[in-house]
Amino acid sequence: MSNQALQDLIAKTQATLELIAAHYAPSVFASSMAAEDMVLTDLILRGKLQDKISIFTLETGRLHQETLGMLDRIRETYDYEVTPYRPQPQAVEQYVQAHGRNAFYDSVELRKECCHIRKLEPLNRALKGNASWVTGQRRAQSVTRAELHVQERDEAHDMQKFNPLADWSEQDVWDYIRANDVPYNPLHDQGFPSIGCEPCTRAIQPGEDVRAGRWWWENPDSKECGLHVVDGKLIRIKSHAAESA
Ligand code: SF4
1 MSNQALQDLI AKTQATLELI AAHYAPSVFA SSMAAEDMVL TDLILRGKLQ
51 DKISIFTLET GRLHQETLGM LDRIRETYDY EVTPYRPQPQ AVEQYVQAHG
101 RNAFYDSVEL RKECCHIRKL EPLNRALKGN ASWVTGQRRA QSVTRAELHV
151 QERDEAHDMQ KFNPLADWSE QDVWDYIRAN DVPYNPLHDQ GFPSIGCEPC
201 TRAIQPGEDV RAGRWWWENP DSKECGLHVV DGKLIRIKSH AAESA
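Counting from 1, one number per residue, gives the positions in the sequence shown under the UniProt record's numbering.
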């Protein structure tokens with residue numbers, strides 16, 4: 001992409017964020033502090049939109065140290081505290097006692113139950129009381145995101161959902177990060193294009209799909225944690241369909 005084309009894409013994304021701040025606030029940005037999320041973090045904080053679009057992360061209790069370290073990097077760079085949302089300790093304890101700490105490897109159902117406890121329930125808490133939410137998802141990231149729109153209705157949470165980077169390519173993300181000296185998770189330099197919880201994320205080989213390192217033991221069309229499934233698009237995921245819809 002030419003420099004002008006990237007500038008146009010950035011301007012379009014800034015306009016989306018300003019639209020959210022003006023008409024869909026209070027809004028929250030769900031950041032996993034991955035590369036895409038750091039682009040949005042930079043645009044929100046440099047654009048001084050944080051009073052309208054606050055940033056939180058799902059601190060699942062199973063993140064890499066490098067990912068947790070991004071909380072410090074963001075504080076140092078932008079003087080901003082990302083709000084961590086953590087799972088209910090009792091729910092984690094019950095799951096571990098009933099199934100084992102790493103039972104998510106045993107079945108899609110147990111994986112989704114773990115994601116429900118560590119991600120979905122905290123996400124629901126984080127979204128409560130807001131008019132909209134924002135994600136760093138891109139259409140090109142995986143087959144499960146092929147029909148992603150910049151703005152969509154999240155029926156499950158009864159609110160607007162924005163994916164301002166839907167049109168961005170991976171190259172656009174990295175061009176922006178390098179041009180603007182945006183801090184990023186060092187795992188990206190170690191073969192992790194997509195970063196989630198430590199036991200459910202692995203490095204990938206050159207040429208592999210960027211999401212191939214997430215829940216690699218499952219089929220590609222079930223590789224979502226349920227956070228971003230709307231309009232019934234991924235109803236084919238069997239377990240927790242109600243939560244995922
Ligand atoms: S990604 Fe893995 S460890 Fe994290 S919540 Fe989901 S199943 Fe649990």
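Ideal Cβ positions, reconstructed from N, Cα and C, are used throughout, including at glycine.
Buried or exposed by the 16-neighbour rule on C-beta atoms within 10 Å, applied to residue 83: Counting the other CB atoms within 10 Å of its CB gives residue 83 a total below 16, which places it among the exposed residues.
The beta strand (DSSP E) with residue 328 in it runs from where to where? As displayed, the chain neither begins before 1 nor continues past 245, which places residue 328 out of reach and without an answer.
Does the distance from the C-beta atom of residue 57 to that of residue 164 stay below 7 Å? No, these two residues do not count as a Cβ contact at 7 Å.
Considering only their Cβ atoms, is the gap separating residue 53 from residue 91 smaller than 7 Å? For the 7 Å CB-CB criterion, residue 91 and residue 53 do not form a contact.
By how many angstroms is the C-alpha of residue 96 removed from the C-alpha of residue 206? Taking C-alpha positions only, residue 206 is separated from residue 96 by approximately 35 Å.
Could you compute how far the alpha carbon of residue 33 sits from the alpha carbon of residue 23? Roughly 25 Å between the two C-alpha positions.
According to DSSP, is residue 104 part of a helix, a strand, or is it coil? In this structure, residue 104 counts as helix in the three-state DSSP scheme.
Go ahead and pull the three-state DSSP assignment for residue 70. Three-state DSSP puts residue 70 in a helix.
Below 7 Å between beta carbons: does that hold for residue 60 and residue 183? Against a cut-off of 7 Å, the Cβ pair of residue 183 and residue 60 comes out as no contact.
Given a threshold of 16 other Cβ atoms within 10 Å of its Cβ, counted over all protein chains shown, does residue 36 qualify as buried or as exposed? If you draw a 10 Å sphere on the C-beta of residue 36, you find 16 or more other C-beta atoms in it, and that means buried.
So, for residue 86: in the same chain, excluding its five sequence neighbours on each side, which residues have a beta-carbon less than 6 Å away from its beta-carbon? For residue 86, where only same-chain residues beyond five positions count, the Cβ hits under 6 Å are 59.
Around the C-beta of residue 68, are 16 or more other C-beta atoms found within 10 angstroms, so that it is buried, or is it exposed? Per the 10 Å Cβ criterion, exposed.
Pull up the DSSP beta-bridge partners for residue 133, would you. Within the DSSP bridge table, the entry for residue 133 names 28 and 161 as partners.
Name the one or two DSSP bridge partners that residue 84 has. According to DSSP, residue pairing for residue 84 in a beta bridge involves 57.
Under the rule that 16 or more other beta-carbon atoms within 10 Å means buried, what is residue 4, buried or exposed? Result: exposed.
So what does DSSP say about residue 63, is it helix, strand or coil? Looking at residue 63 - three-state DSSP - the assignment turns out to be strand.
Can you find the residues in the same chain that come closer than 8 Å, C-beta to C-beta, to residue 218, ignoring five residues on each side of it along the sequence? Beyond the five residues adjoining it in sequence on each side, residue 218 comes within less than 8 Å, by CB distance, of 108 and 111 in the same chain, given in chain order.
By alpha-carbon positions, which one of 197, 40 and 20 ends up nearest to residue 159? Residue 159 has its Cα closest to that of 20, out of 197, 40 and 20.
Sorry if obvious, but does the Cβ on residue 104 come closer than 6 Å to a heavy atom of ligand 1? Checking the Cβ of residue 104 against ligand 1 gives yes.
Among 190, 173, 135 and 25, whose alpha-carbon lies nearest the alpha-carbon of residue 7? Sorting 190, 173, 135 and 25 by C-alpha distance to the C-alpha of residue 7 places 173 at the top.
Hey, quick one: how far does the alpha helix (DSSP H) through residue 187 stretch, first residue to last? Neither: residue 187 is in no alpha helix (DSSP H) and is coded neither H nor E.
So residue 38 is in the alpha helix (DSSP H); what residue range does that whole segment cover? Run containing residue 38: 35 to 46, per the alpha helix (DSSP H) assignment.
Would you tell me roughly how many angstroms separate the C-alpha atoms of residue 180 and residue 98, rounded to the nearest one? If you take the alpha carbons of residue 180 and residue 98, they lie about 47 Å apart.
Closer than 7 Å by C-beta to residue 11: which residues in its own chain qualify, once you throw out the five before and the five after it? Chain order, please. The answer is none, since no qualifying residue turns up.
Can you say whether residue 185 is buried or exposed, counting buried as having 16 or more other CB atoms within 10 angstroms of its CB? A residue is called buried when at least 16 other Cβ atoms come within 10 angstroms of its Cβ; residue 185 meets this threshold and is buried.
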